[in-house]
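Numbering (my numbering), first residue to last: 33 to 158. Cβ atoms here follow ideal geometry from the backbone N, Cα and C, with glycine treated the same way.
Now the structure itself:
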């Protein structure tokens, strides 16, 4: 069995959002996900808003969904949220081909990826 659903139970101070079938390679998506790991959510949102990468728009949508889940489903304080985890997984790969010289074929792989973002409420420093 692969690591398709490596979902673990969430703590009381956590919420998550998952996006499947994002049309980009997991490697490219992970670059954007790595840029927001461990950040407070307000800083992560501004980082994604001004990112040059096309896929940052999708990552921002997933982060906003995780924030909404935290607020509405888990009654967490939005101002205290941090991005605890942002991990990427492979999805399917579309295989296509392009005609090349001398009757040969060039293989085209069009990968898709999954993204999971877990947000956690920051503990108050006593």
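task = Report buried or exposed for residue 94, applying the criterion of at least 16 other Cβ atoms within 10 angstroms of its Cβ.
result = buried
task = In the DSSP assignment, find the beta strand (DSSP E) that holds residue 122 and state where it starts and stops.
result = 113-131
inquiry  = How far does the alpha helix (DSSP H) with residue 78 in it extend, from its first residue to its last?
reply    = 73-81
inquiry  = Counting beta carbon pairs with one atom in the stretch 48-65 and one in the stretch 136-153, are three or more of them shorter than 8 Å?
reply    = Touching, per the Cβ criterion.
key: Cβ distance (whole Å) where residue 138 is taken to contact residue 130 below 8 Å   = 5 Å
ask   = Are residue 76 and residue 115 close, meaning C-beta to C-beta below 8 Å?
value = yes
key: Residue(s) in a DSSP beta bridge with residue 137   = According to DSSP, which records beta bridges pairwise, residue 137 is partnered with 131.
task = Could you work out which residue in 47, 72, 45, 62 is closest to residue 111 when comparing CA atoms only?
result = 72
task = Leaving out five residues on either side along the sequence, give the residues of the same chain with a beta carbon under 6 Å from the beta carbon of residue 132.
result = 138
key: residue 134 burial status per 10 Å Cβ neighbour count (16 or more: buried)   = Classification for residue 134: exposed.
ask   = From residue 68 to residue 118, what distance separates their C-alpha atoms?
value = Note on geometry: alpha-carbon atoms of residue 68 and residue 118 lie some 8 Å from one another.
ask   = Sorted by chain position, which residues of the same chain lie with C-beta nearer than 6 Å to residue 64's C-beta, five sequence neighbours on each side aside?
value = 85, 87, 88, 91
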